[in-house]
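Asker: Shown below is the structure under consideration.
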Amino acid sequence: MPGVPSDMEHVSNANAKHDNGTSDLGSRSSSSARRQLVTVCQEMSGYSVAPDYDYYLGDNIGRHTSVSDGKAACDADPNCAGFNWVAGGTDGYTKSVVAPAVPSPGICLYTKIVTSCEAIAGYTVTADYDYYLGDNIARHTSLDAGKTACNNDASCKGFNWVAGGTDGYTKTVVAPASYSRGICLYTKKVTSCEAIAGYTVTADYDYSVGDNIARHTSADAGKTACNNDASCKGFNWVAGGTDGYTKTVVAPATYSYGICLYTKKDYSVGDNIARHTSADAGKTACNNDASCKGFNWVAGGTDGYTKTVVAPATYSYGICLYTKKDYSVGDNIARHTSADAGKTACNNDASCKGFNWVAGGTDGYTKTVVAPATYSYGICLYTKKDYSVGDNIARHTSADAGKTACNNDASCKGFNWVAGGTDGYTKTVVAPATYSYGICLYTKKDYSVGDNIARHTSADAGKTACNNDASCKGFNWVAGGTDGYTKTVVAPATYSYGICLYTKKDYSVGDNIARHTSADAGKTACNNDASCKGFNWVAGGTDGYTKTVVAPATYSYGICLYTKKDYSVGDNIARHTSADAGKTACNNDASCKGFNWVAGGTDGYTKTVVAPATYSYGICLYTKKDYSVGDNIARHTSADAGKTACNNDASCKGFNWVAGGTDGYTKTVVAPATYSYGICLYTKKVTSCEAIAGYTVTADYDYYLGDNIARHTSADAGKTACNNDANCAGFNWVAGGTDGYTKAVVAPASYSYGICLYTKTTPPNNCLTNKCFDRHAKCTPTSDATPNCGTCNKGFELADYAGNSDPSFRACIPSNNINICTQAPYLTPRVWVTCRDSDGCHNGFKWDSTKQKCVDRNECEDTPGICGAVATCIDIPWSYACACPSIDDHYPGGAYAGTFTFDPSSKTCVDATASPKCIYGTFRYNGACVDDPCLDANLNKACAEPYTCMAAMDGSSHRCICKGEMINGECRVDPCLSKPCPSAGAVCTPAADYLSRTCA
259 MPGVPSDMEH VSNANAKHDN GTSDLGSRSS SSARRQLVTV CQEMSGYSVA PDYDYYLGDN
319 IGRHTSVSDG KAACDADPNC AGFNWVAGGT DGYTKSVVAP AVPSPGICLY TKIVTSCEAI
379 AGYTVTADYD YYLGDNIARH TSLDAGKTAC NNDASCKGFN WVAGGTDGYT KTVVAPASYS
439 RGICLYTKKV TSCEAIAGYT VTADYDYSVG DNIARHTSAD AGKTACNNDA SCKGFNWVAG
499 GTDGYTKTVV APATYSYGIC LYTKKDYSVG DNIARHTSAD AGKTACNNDA SCKGFNWVAG
559 GTDGYTKTVV APATYSYGIC LYTKKDYSVG DNIARHTSAD AGKTACNNDA SCKGFNWVAG
619 GTDGYTKTVV APATYSYGIC LYTKKDYSVG DNIARHTSAD AGKTACNNDA SCKGFNWVAG
679 GTDGYTKTVV APATYSYGIC LYTKKDYSVG DNIARHTSAD AGKTACNNDA SCKGFNWVAG
739 GTDGYTKTVV APATYSYGIC LYTKKDYSVG DNIARHTSAD AGKTACNNDA SCKGFNWVAG
799 GTDGYTKTVV APATYSYGIC LYTKKDYSVG DNIARHTSAD AGKTACNNDA SCKGFNWVAG
859 GTDGYTKTVV APATYSYGIC LYTKKDYSVG DNIARHTSAD AGKTACNNDA SCKGFNWVAG
919 GTDGYTKTVV APATYSYGIC LYTKKVTSCE AIAGYTVTAD YDYYLGDNIA RHTSADAGKT
979 ACNNDANCAG FNWVAGGTDG YTKAVVAPAS YSYGICLYTK TTPPNNCLTN KCFDRHAKCT
1039 PTSDATPNCG TCNKGFELAD YAGNSDPSFR ACIPSNNINI CTQAPYLTPR VWVTCRDSDG
1099 CHNGFKWDST KQKCVDRNEC EDTPGICGAV ATCIDIPWSY ACACPSIDDH YPGGAYAGTF
1159 TFDPSSKTCV DATASPKCIY GTFRYNGACV DDPCLDANLN KACAEPYTCM AAMDGSSHRC
1219 ICKGEMINGE CRVDPCLSKP CPSAGAVCTP AADYLSRTCA
C-alpha cells in the first residue's frame, strides 16, 4: 500500500464535530471530510491495536489474507512482534518490529502482548516458551499442584502451565525451550545450602529411614549437637527454615527438595581395633598391639579408636590422628637388648642385612631387609656393609691369597678384602659395585669374554700365531711378562691395566675374490673381472686380494687399497669402441641418456642413466642434452606445427625443436630448463591485454556459445558499444588486432590463446528494473538501486504541485504550467490524497465507499487479461507489473542464458537479450528459436504433477522426471513435503509407501 506523508493531519471523531453535530470541515467536500475518520479495527485477543498506524522499515515476515490468519501466524512465530491489516481488505503482513509506528490511514497495527506468568518461589519462569520433546512426567490442573508434584519428584526439572487455564505437565527436561505462545515454563532452582566447616553438604537430598537422633532449630545448633555426639554421622536442615535432625546414618540419601544434608567428615569404615577413653590409653593399647598402626582421639573428649590403617587420612574436624613410627613389614629376624648384641647377632647371621635399635632403650631387631627405609622417630637403623648378592666363589684369609686364587680361576673377575682383617671372597661379578665401608674391592684387568684362540708366551709368538690364523683379528700381551692370547674379536676393547692389545690391519669381511702376488697381477685380474671393484696389496710384499667390495674401508697399516674407476651399476646399454661411435649410438637410441669413454682408449658404454655420477679417473662421461622427464604432450615435425599445437592447447606452456631438424614436442612444463645443445626451447607468452575502466580482463580466454551481439574493430569501440547496451555483459578482442564482438554472456569462459575477454563491472541499467513512478519523468541510470527521476521528458517541466513546496510533491506537468489537476490524470507520486480525477481519485486509485477514501486500484482484478495469457499480473502502489515466467526449472543446467520480459505491444513474453528474439514457448539454440518441448501449443506443461520436465538443449525432446521416488511403478512425493504437519514443533514421519504420514 502507498505510504502516508508524515506531515498529514488526522482528525478523530471526538474532535471533528461541534455540539450541533456539524463538522469543522463543512466548507469542504463531503468526500474530503469522510477521509479524516479514524479507521475501525477489530479487537484481537492477546494483541493491542493502533488504528491508522504502521511500521515500514523492512520488518515484514509473511503475508496473510485475513485478521485471524495474521493472528494465527504471529502466535506461532517467536520472532513476530505483531502484524498489520488493511481495514476492510484482504491484505496484511506479520512483522518482527512494530515500533516506532508512523501514521498510515486505513491500516490497523496489532502489537503482540507478552503472556503474564505468576512468580513461584523456588522456580524461574519464562513466558511464551516450552520444551516439547517427550519430557512430560504427569499432568496437573493448577500451578500449586505442578509445584508440589515437581518438588516431590527428583527427576522433575520444572513444569509448564497454560496461562489462565487449568492444564500443565511436570517435566524431566526443560531446555532447550522453543517458542509456545500462552505457555509459562517454570524451571526448578537448586536449593542453596550454607557451607559448614567439618561437613560436606548435599542440596535437595536426605536420609529418611529411622536415623534421627534429636531435633534442632538452626544449622549451627545441628553442627554443635553432631560434633558432641560420637554416634552422629551428620544432620539435615530445611533450607531457610528452623527445623532439622542429627542422624546416625546419612547414606544412601534420596531426593528431598529443599533439604540440605550435612555429612560429618572422618566417616571411617572397618579400620578400628578397640575403643579407648584417653590419648594415653590409646598410646598404650597401640604399642602393645603389633597390628596397630596408630589411633585417633576426639580433642578434649573421652573417645577414640586404635586402628589397623591410618593412611590415606581425610579431614575430620576436632579429631587428632596419631601414627606409630617405624612402620615395618615382615623383615625382623630376632629381638636383642643392646646395640652391641644386635651387631653381634647380625655379623653371625648371613641373612642379616642390618638391625634397628630404640635409642637409649633396651629393644631392637635384626633384619633381612633394611631398604627402602621409612621415617621412625627415635629409631636407629644399622645397615651391614658390602651388601653383595650371589657373586662369591671362595673365601680367603689375606689379600695375596685372594690375588693368587683369582689369577688361577678363569671365572674370577676380582676379589674383596676387609682392610686390616683376615676375611674376603673371590667373585664372578664385580660390577656394578655398591658402597661397603672398610671393604677393598679388587678388579682383574683385561676382562674379556669368549674371544681367546690360543695362549702364547711372547709378543713375537703372538704376532706369528695371529698372522698364520685367518680367524685371528689380533692378540694381547702382559707387558714385560710371558702371557697373552690370540683373539677372534678385538673390539670394543675395555681398559685392562698392563695389557697390550694388538689389532691386525686390513680387517676385511667376506669381500675377497682371489689372491695375487703383485700389484700388476692384482690390476690385471681386476680389469678382467666385471665383479671386481678393486684390490689390496701389502706394500713391498707379495700378497693381496681382488675384491667385490672396497667401501667403506677401514684403516690397515701397510696395506694399499686400489679402487676401480667408473663404478656403475646396471645402466649400460651397449659397448662401443670410440667416442664418435658412442655419440652415434646414443643419438639413435631414445632410451640412451649418455655414454662414457676411457680417455685415449677403445672402450665405453651407452647408458640409460648418467646421474648421480661418481668419480672414475680417466673416464669421460657424456650426458645427452635436453634430458626431460614426463612433460611432453605430443610430437610435431616443424616449429610452425609446434606453435599451432601449443596455441590450441591450454595446458601447453611451450615446445622444443631440434634446430634444422624435423622433431620436437609440445610441453606442459618448460622450467627449470637444462642445457641441451642444438635444441630450441620456445616458452609461450601470456597475451598482454590493455586495462579498461569498468571492466575486468582475462587473457587467453573467451566464451563461444552463441552470445555475440555485434562486431567492433577496436577495444575502445567494443567498450563504447557495450557501455551503451544494457544487455551487454562484456566483449572480446584479438590482442593487437582489429576484431572483436560484444557479448550477452561471458561465462563460463574457455581457453583461447591471444584473445582478451573483458567482463563489465559497472552496475546494470536500473531504469530497466526500477522505472520512474511519474510516466513523464526522464529515467537516468545510477550506481545504486534507485534511478534518477529528477528531470522531465520533452514537453513537460518539473513544478510544485498544488502549491506544496515539499520536493517529494513535485511532478512533471505540461510546459504551459497548467495545474495538473485540471489536465488529464498523470501518475504522480504521493498526491493521491487531494488530487482527484473524474471519479474523485487520482490515476492509479479509486474511491472506496466503505472506507470513505481513495484506495490503491488493483488493475489486475479490475482489468482481467491486462498482462496477456503468459505473464502474471502483480499489483503495485499506483500501478501494476507483468512478470514473465522463467524456464530455468526445465532448461539443461538449470540456468537459461536469456531472460523473458513482458512486451506491452503484443502482451506476451519475449527473450530480447540477443538476436533472434524468441517468444515464450520457444528458446534460443545455435542462433535460432526452437520450440520448448516442455510446453505444448497452448503453453501448458508437458509433464503432469508430480513429474517435472527436463528439455533437450536443442529442443528436440524432453523427459518427465519424478519429483519424489518411484514406488511400485508410481511416482510419489514425500507427504511430509507436500502436506506438512499443522502443529508447530511436530515431527513428521512419512509412510514407507509415501501414501500417508504421521505427526508426533
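Start counting the sequence shown at 259; every next residue gets the next number (this note's numbering). We put the CB at the ideal spot given by N, CA and C, even for glycine. As the structure is a computational prediction, the values presented were derived from the model and not from experiment.
Classify I371 as buried or exposed, calling it buried when 16 or more other Cβ atoms lie within 10 Å of its own Cβ.
Answerer: Classification of I371: exposed, given that the 10 Å Cβ count is below 16.
Asker: Please classify P1191 as buried or exposed, where buried requires at least 16 neighbouring CB atoms within 10 angstroms.
Answerer: Buried, by the Cβ-count rule.
Asker: Which residue spans inside the segment 793-876 form an unbroken beta strand (DSSP E) run of at least 3?
Answerer: Listed in chain order, they are 802-805, 817-821, 830-834, 852-856 and 862-865.
Asker: Between which two residues does the beta strand (DSSP E) harbouring C1274 extend?
Answerer: Residue 1274 lies beyond the residue range present for the chain, which begins at 259 and ends at 1258; the question has no answer from this structure.
Asker: What are the start and end residues of the alpha helix (DSSP H) that includes S1236?
Answerer: P1233 to S1236 is the extent of the alpha helix (DSSP H) around S1236.
Asker: When burial is assigned at 16 or more other CB atoms within 10 Å of the CB, is R969 buried or exposed?
Answerer: When all chains shown are included, R969 counts as exposed.
Asker: Out of A689, P690 and C670, which one is the CA nearest neighbour of Y683?
Answerer: The shortest Cα separation from Y683 among A689, P690 and C670 belongs to C670.
Asker: Using only the alpha-carbon positions, how far apart do C638 and A597 sit?
Answerer: So the alpha carbons of these two residues sit roughly 9 Å apart.
Asker: What's the gap between the Cα of C299 and the Cα of G340?
Answerer: Their backbone Cα atoms lie some 14 Å apart in a straight line.
Asker: Can you check whether the CB of A832 is closer than 8 Å to the CB of T864?
Answerer: In contact: T864 and A832 (Cβ atoms closer than 8 Å).
Asker: Could you name the residues that DSSP lists as bridge partners for V496?
Answerer: According to DSSP, V496 bridges with I517.
Asker: Give me the Cα-Cα distance between G492 and Y520, rounded to the nearest whole angstrom.
Answerer: Roughly 5 Å separates the two Cα atoms.
Asker: Whole angstroms is fine: what's the gap from K702's alpha carbon to G672's?
Answerer: Distance between the alpha carbons of K702 and G672 is about 5 Å.
Asker: Starting from A385, follow its DSSP beta bridges and name the residues at the other end.
Answerer: According to DSSP, which records beta bridges pairwise, A385 is partnered with C442.
Asker: Taking contact to mean 3 or more Cβ pairs, one atom from each stretch, closer than 8 Å, check whether the segment 346-361 and the segment 391-401 are in contact.
Answerer: No, they do not touch.
Asker: What is the DSSP secondary structure of S326, reduced to helix, strand or coil?
Answerer: If DSSP states are grouped into helix, strand and coil, S326 belongs with the helices.
Asker: Could you tell me whether the Cβ atoms of N530 and Y563 are closer together than 8 Å?
Answerer: Their beta carbons are under 8 Å apart, which means N530 touches Y563 by this criterion.
Asker: Helix or strand or just coil, what does DSSP make of N981?
Answerer: Here N981 sits in helix by DSSP.
Asker: Mapping DSSP to helix, strand and coil, what is E1223?
Answerer: Of the three classes helix, strand and coil, the one that applies to E1223 here is strand, per DSSP.
Asker: Can you tell which of W495, T722 and D478 has its C-alpha closest to the C-alpha of T460?
Answerer: Looking at the Cα atoms, W495 is the closest of the given residues.
Asker: To the nearest angstrom, report how far apart T641 and N606 are at their CA atoms.
Answerer: Near 14 Å, if we compare the C-alpha coordinates of N606 and T641.
Asker: So what does V955 bridge to, in DSSP terms?
Answerer: V955 pairs with Y1016.
Asker: Flag this pair as yes or no: are the beta carbons of C980 and K942 separated by less than 8 Å?
Answerer: No. Outside cutoff.
Asker: For A345, does the count of other Cβ atoms within 10 angstroms reach 16, so buried, or fall short, so exposed?
Answerer: Label assigned to A345: buried.
Asker: Do three or more CB pairs link the segment 1206-1215 to the segment 1134-1153 at distances below 8 Å?
Answerer: The segment 1206-1215 is in contact with the segment 1134-1153.
Asker: In whole angstroms, give me the CA-to-CA distance for P1238 and Y1178.
Answerer: Rounded to the nearest angstrom, the two C-alpha atoms are 34 Å apart.
Asker: Using only CA atoms, which one of C408, K481 and K1018 lies nearest to A951?
Answerer: That would be K1018, whose Cα lies nearest to the Cα of A951.
Asker: With distances taken between CB atoms, is the gap from K446 to I395 smaller than 8 Å?
Answerer: No. Outside cutoff.
Asker: Under the assumption that T243 contacts D589 (Cβ atoms under 8 Å), give the Cβ distance between them as a whole number of angstroms.
Answerer: The shown model of the chain, from 259 to 1258, leaves out residue 243, and the question about it has no answer.
Asker: For a quick check, are the C-beta atoms of C730 and I757 less than 8 Å apart?
Answerer: Their beta carbons are not under 8 Å apart, which means C730 does not touch I757 by this criterion.
Asker: Specify the secondary structure class of E1228 as computed by DSSP and reduced to three states.
Answerer: Here E1228 sits in strand by DSSP.
Asker: Would the segment 423-441 count as touching the segment 331-339 if we require 3 or more Cβ pairs under 8 Å?
Answerer: Enough Cβ pairs lie closer than 8 Å, so yes.
Asker: Who are M1208's beta bridge partners in DSSP?
Answerer: Paired residue(s): R1217.
Asker: Please list the terminal residues of the continuous beta strand (DSSP E) segment that includes D921.
Answerer: Where D921 is concerned, there is no enclosing beta strand (DSSP E), given that its DSSP letter is neither H nor E.
Asker: Measure the C-alpha to C-alpha separation of C451 and T406 and round it to an integer number of angstroms.
Answerer: In a straight line, the C-alpha of C451 is about 21 Å away from that of T406.
Asker: On the three-state DSSP scale, how would you describe A975?
Answerer: Of the three classes helix, strand and coil, the one that applies to A975 here is helix, per DSSP.
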